[in-house]
Structure formats: structure tokens, C-alpha cells
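In case it helps, UniProt numbering puts the sequence shown at residues 1 to 317.
All residues carry an ideal CB built from backbone N, CA and C; glycine is no exception.
In this text, all values refer to a predicted model and were calculated from it rather than measured experimentally.
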Amino acid sequence: QITTVSGNEFLLQSDIDVLILDWFHAIKNAIDRLPKEQRITSRNLEFKLRRSSSIELLNNLDTESKEPKPEHRKSLIFRLNYSASDTNDRNRVKSRLKKFISRRPSLKTLQEKGLIKDQIFGSHLHSVCEHEKSTVPQFVRLCIEAVERRGLDVDGIYRVSGNLATIQKLRFVVNQEEKLNLDDSQWEDIHVVTGALKMFFRELPEPLFPYCSFEEFVEAIKNKDKATRIKSIRSLVKKLPRPNYETMKILFEHLQKIAAKESVNLMSTQSLGIVFGPTLLRPEKETGNMAVHMLYQNQIVELMLSEYSKIFGSEED
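Now the structure itself:
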């Protein structure tokens with residue numbers, strides 16, 4: 001999402017991370033070419049992007065209003081002839097808003113009263129599994145079953161994006177814990193189902209491959225000997241928390257079935273690696289090595305698909 005200096009907002013979306021990266025560099029280069037006075041300062045940019053509570057935003061507005069204005073803006077403010085009473089009224093409104101926001105019940109209180117239900121999207125994987133008393137989220141199972149019933153032969157399955165508005169509608173239904181039937185006509189576009197499944201994994205606060213394991217998986221895939229790569233990744237997978245391991249196992253088994261139909265759906269293990277790599281594993285803090293990380297992310301998923309039986313099979317296999 002991009003907000004311009006003039007206040008216009010644009011949402012650019014794609015499931016292809018390489019394309020997103022190209023957009024990012026193009027936008028950054030365009031900003032760098034702007035005259036200095038037209039650029040947003042780093043402080044303002046940070047304010048725009050930072051996740052803040054409502055009270056913090058109001059405090060920031062107070063702080064920013066006290067900062068010295070550029071000369072051309074000062075003259076404009078003087079011409080508006082704001083009276084002292086106008087300023088007092090604004091301060092009074094801000095004060096009341098702060099009091100209102102600070103007195104709001106906490107999320108935990110609302111959940112305990114049943115006013116807000118536990119969310120499926122955006123919750124930690126272990127929390128969803130604990131709530132459902134399972135090791136694999138029910139929504140993940142339902143999506144996989146739907147795709148295997150009517151999507152294995154679909155050209156570009158998981159690569160092609162579904163309608164975002166319909167995906168968001170499905171997300172809302174799932175979060176409201178309404179009875180979900182993915183064979184309903186409103187979800188007939190299988191790309192909506194696959195889009196919602198990818199969104200579920202993208203919105204996990206901690207990815208399916210935990211942050212603490214990211215560097216270990218990267219080091220494992222760097223090994224030049226294939227047998228050692230497989231052995232190292234198998235060892236790391238076996239150490240994962242049970243919800244992560246079981247969900248990963250059922251997901252990769254499903255993706256292996258997709259790849260087996262490559263001649264029809266045109267989705268190879270490499271294509272699936274490109275789609276799912278950055279979705280399933282990412283570093284906790286992005287560094288300047290984003291493109292390098294993306295390459296390793298894709299390779300890890302690709303290897304785990306092509307060597308599924310060796311990585312997820314029993315010791316005797």
C-alpha cells in the first residue's frame with residue numbers, strides 16, 4: 001500500500017514476489033529522482049508505516065503540530081486567522097478522544113465476554129490448533145480437500161490470483177466461525193480458495209517455518225552435497241513444534257500432488273517453490289539480502305517437494 005504526499009492511496013497486489021520486488025525498486029527509484037523538497041522525510045515515512053495504537057497516533061499529532069512550519073505554510077496559517085477558541089476546541093476534542101480510547105475494554109475482555117471471537121487469520125498457528133484441539137487447522141484441511149477435488153487440473157493453480165474481494169469475504173466468514181462449505185457456489189472459483197489458503201499462511205504472526213529456524217534452513221540448503229542437504233533439512237523439520245510439523249507435512253503432501261499434474265496445470269516444483277517460498281519462511285528482520293533470501297526460500301520449498309518421502313518419511317524409508 002502506497003500513500004502519496006497529496007494523500008492518495010494505492011494498493012498494489014501480486015502473489016509473485018519477484019514482481020513485487022520489481023515494483024518496489026521502480027517506486028524507490030522514482031522517489032529518489034524527486035527534488036529534495038518534494039520527498040517525504042524519513043521521520044514522516046516511519047510514522048506512516050509504523051503500527052501504533054490510537055493514543056500514540058494522537059500523541060504524534062500533538063508533537064507534529066508543535067514543530068516549526070515552513071515559511072510558506074506559516075503565512076497560510078496566519079491568513080486563516082485561527083482564534084484561540086478554535087485551538088481550545090481542538091485540544092478539547094483530542095483530550096476527549098484520548099479518554100474514550102483509554103477507557104475501551106481490552107481485546108481479552110471482549111473475547112471473554114464473547115463479543116469478539118478468536119480469529120483464525122492472523123493468529124499464531126499453535127493458538128488456532130489449541131482452540132480447535134487439533135494439530136492442523138481445520139481451514140487448511142478444508143482448502144486442501146477442495147483443491148484436490150476440483151483444482152488439480154486447473155492451469156496455474158496457486159499461481160493465478162483469485163478475486164481479492166471474494167477472498168476477503170471468505171476470510172471474514174472463516175474468522176466469524178460460520179459453517180464453511182467450500183463447495184458453495186460463491187466459492188466456485190478455485191483460485192479464491194487457493195488465494196485464501198496462501199493468505200492464511202502469509203498472515204501468520206510467525207511463519208510456518210519458525211523465525212528461529214530460518215538461518216538453519218538457509219545454511220542447510222547452501223550445502224553443495226545433495227544427500228547432506230536432504231539430511232540436514234530432514235533433521236530441522238523433525239525438530240519443529242508439532243502443529244508446524246503436521247501442518248507442513250499435509251501441505252507439502254498436497255503440493256506434491258499438484259506438481260504430479262504438472263503436464264496439465266503447468267505447476268512444477270520450481271513454480272510452487274517460487275509461490276510458496278516467501279510465504280512459508282522468511283527472516284524475522286528483513287536485511288539488504290532480500291533477493292538472496294528469496295532464492296534460498298524457493299530452493300528449500302522445491303527440495304522438500306522433490307524429496308518429500310525422504311524428508312517426511314520414517315527412518316526406515
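CA-to-CA distance, residue j to residue i, given in whole angstroms
{"i": "K94", "j": "N88", "result": "10 Å"}
{"i": "N265", "j": "E215", "result": "33 Å"}
{"i": "F78", "j": "K98", "result": "Its pLDDT being 45, under 50, F78 is placed unreliably in this model, and the value from its coordinates should be taken loosely. In a straight line, the C-alpha of F78 is about 28 Å away from that of K98."}
{"i": "F252", "j": "L280", "result": "11 Å"}
{"i": "L12", "j": "Q270", "result": "25 Å"}
{"i": "W187", "j": "R92", "result": "49 Å"}
{"i": "D22", "j": "R33", "result": "17 Å"}
{"i": "I258", "j": "R149", "result": "12 Å"}
{"i": "E262", "j": "S213", "result": "30 Å"}
{"i": "L61", "j": "E9", "result": "Only weak support is given to the placement of L61: the predicted model assigns it a pLDDT of 47, under 50, and the question is left unresolved by the model."}
{"i": "Y308", "j": "P35", "result": "53 Å"}
{"i": "T135", "j": "E302", "result": "24 Å"}
{"i": "V173", "j": "K179", "result": "8 Å"}
{"i": "residue 346", "j": "M290", "result": "With the chain running from 1 to 317 in the structure shown, residue 346 is simply not present."}
{"i": "R104", "j": "K238", "result": "44 Å"}
{"i": "N163", "j": "R90", "result": "42 Å"}
{"i": "S185", "j": "R96", "result": "47 Å"}
{"i": "L197", "j": "E286", "result": "24 Å"}
{"i": "A165", "j": "F24", "result": "24 Å"}
{"i": "E132", "j": "T247", "result": "14 Å"}
Member of the options whose CA lies at the smallest distance from the CA of residue i
{"i": "R282", "options": "Q299, K99 and E132", "result": "Q299"}
{"i": "Y245", "options": "L170, I311, F24 and I2", "result": "I311"}
{"i": "G313", "options": "G273, T287, S235 and Q119", "result": "S235"}
{"i": "D183", "options": "Q176, A196, V154 and V147", "result": "V147"}
{"i": "G195", "options": "M304, S161, A165 and F172", "result": "S161"}
{"i": "P137", "options": "I2, F201 and M267", "result": "F201"}
{"i": "S268", "options": "M294, L295 and L305", "result": "L305"}
{"i": "Y296", "options": "H131, L164, N163 and G277", "result": "G277"}
{"i": "F217", "options": "R90, M294 and A165", "result": "M294"}
Close Cβ partners of residue i (< 6 Å) along its chain, the five nearest in sequence each way excluded
{"i": "G151", "result": "I157 and I190"}
{"i": "N29", "result": "none"}
{"i": "residue 398", "result": "Look at the range of the chain in this structure, 1 to 317, and you will see that residue 398 is not part of it."}
{"i": "N81", "result": "Its pLDDT being 48, under 50, N81 is placed unreliably by the model, and the measurement read from it follows with that caveat. None."}
Beta-carbon gap between residue i and residue j smaller than 8 Å
{"i": "I250", "j": "M199", "result": "no"}
{"i": "L272", "j": "L255", "result": "yes"}
{"i": "residue 321", "j": "L170", "result": "Limits of the chain in this structure are 1 at one end and 317 at the other, which puts residue 321 out of reach."}
{"i": "C129", "j": "P243", "result": "yes"}
{"i": "Q119", "j": "N181", "result": "no"}
{"i": "I2", "j": "I20", "result": "no"}
{"i": "R159", "j": "V275", "result": "yes"}
Beta-carbon contacts of residue i that lie in its chain and below 7 Å, excluding the five residues immediately before and after
{"i": "residue 361", "result": "Because the chain here runs from 1 to 317, residue 361 falls outside it and cannot be looked at."}
{"i": "A260", "result": "none"}
{"i": "E145", "result": "none"}
Handout entry: At least 3 beta-carbon pairs within less than 8 Å: the segment 117–128 vs the segment 199–214
Key = yes
Exercise for the section: Determine contact between the segment 220–233 and the segment 137–157, defined as no fewer than three beta-carbon pairs at a distance below 8 Å. Expected result: no
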